[in-house]
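These notes concern the structure reproduced below.
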Amino acid sequence: MTDPDPDAGVDRGPDGRSTDIPSGRGVPSWMAASLNYCTRCGGPLRFGAIDGEDRDRLACASCGHIAYVNPRLVVTTIPVTAAGDVVLLRRGIEPGRGWWAQPGGFLEVDETVTEAAIRETLEETGLIVQPGEIVGLYSRLEAAVVVLAVEAAVTGGAHRLNAEALEIREFPPEAIPWQGIAFKTSHWALADWVQRRRPDLQPAARTWDER
Ligand SMILES: [Zn+2]
Numbered sequence: 104m105t106d107p108d109p110d111a112g113v114d115r116g117p118d119g120r121s122t123d124i125p126s127g128r129g130v131p132s133w134m135a136a137s138l139n140y141c142t143r144c145g146g147p148l149r150f151g152a153i154d155g156e157d158r159d160r161l162a163c164a165s166c167g168h169i170a171y172v173n174p175r176l177v178v179t180t181i182p183v184t185a186a187g188d189v190v191l192l193r194r195g196i197e198p199g200r201g202w203w204a205q206p207g208g209f210l211e212v213d214e215t216v217t218e219a220a221i222r223e224t225l226e227e228t229g230l231i232v233q234p235g236e237i238v239g240l241y242s243r244l245e246a247a248v249v250v251l252a253v254e255a256a257v258t259g260g261a262h263r264l265n266a267e268a269l270e271i272r273e274f275p276p277e278a279i280p281w282q283g284i285a286f287k288t289s290h291w292a293l294a295d296w297v298q299r300r301r302p303d304l305q306p307a308a309r310t311w312d313e314r
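Add 103 to the 1-based position in the sequence shown for the numbering used here, that's all there is to it.
What follows is the structure in structure tokens.
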């Protein structure tokens, strides 16, 4: 056995499937546009080398505050009914308006992942769920998010349309509308769920055209 080549890099795991852009490109430009001033003192932020940091970072030229930029966590559920159907919603807002996705949203700073999963699912579908196993975790470097998908048993509530859902429907695993899914991450999460629960089925591949 020889030691692995330290320069060979690390293959992307399952969480790297959501994007083809290379790692290590720094802050996405759309995000950098909102990172001009120090949130502590209002001074200008400058990008460059900082003592004690192993990569260049944004820091305040006046007070030295370092503006760390990290991805946000999006918590989503794959709600499953007692009959084994998946509940999806046709999105009422951009991005992906009019296309199917699972419920989910940004984790608030004062709630747990489980609380966020329950809250977002209730807000967007009217259903009460009990979050269960993690289906997958997907990085999207271009969006600066990490998307978590958890399987969640539907335990109560009733479909309730709202600003975020034009339509709410239950789909048997064999009838998931693969060609109408809004996001790559939704497609991967649903495919991972199908692979886990119904390995006899083949999730339909699709060409991307991100919504
Ligand atoms: Zn400052």
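Here a beta-carbon is modelled for each residue, glycine too, at the ideal position from N, C-alpha and C.
{"Asked": "Bounding residues of the alpha helix (DSSP H) (the contiguous stretch that carries L293)", "Found": "287-300"}
{"Asked": "Straight-line gap, G208 to C163 (C-alpha atoms, nearest Å)", "Found": "31 Å"}
{"Asked": "DSSP three-state assignment for D110, whether helix, strand or coil", "Found": "Note that D110 has pLDDT 45, beneath the 50 cutoff, so the model's placement of it is unreliable and no number is given."}
{"Asked": "Residue nearest to P147 in terms of C-alpha spacing, selected from C166, S289, G239", "Found": "C166"}
{"Asked": "Residue from A170, N139, V183 whose Cα sits closest to the Cα of I153", "Found": "A170"}
{"Asked": "Extent of the continuous alpha helix (DSSP H) to which I221 belongs", "Found": "216-228"}
{"Asked": "Beta-carbon spacing of E227, P198 below 9 Å", "Found": "no"}
{"Asked": "Other residues of its chain near H290: CB distance less than 6 Å, five sequence neighbours each side excluded", "Found": "I284"}
{"Asked": "E277, buried or exposed, once every other Cβ within 10 Å from all chains shown has been counted against 16", "Found": "exposed"}
{"Asked": "Contact set for R301: own chain, Cβ-Cβ below 7 Å, skip 5 residues either direction", "Found": "P276"}
{"Asked": "Runs of alpha helix (DSSP H) wholly within the stretch 165-217 (minimum 4 residues, chain order)", "Found": "none"}
{"Asked": "Beta-carbon proximity of V178 to L251, cut-off 9 Å", "Found": "yes"}
{"Asked": "Proximity winner among V248, E223, R115, S132, relative to L181 (alpha-carbon distances)", "Found": "As written in the sequence, residue 181 is Ile, which differs from the Leu given in the question. Comparing Cα-Cα distances from I181 to each of V248, E223, R115, S132, the minimum goes to E223."}
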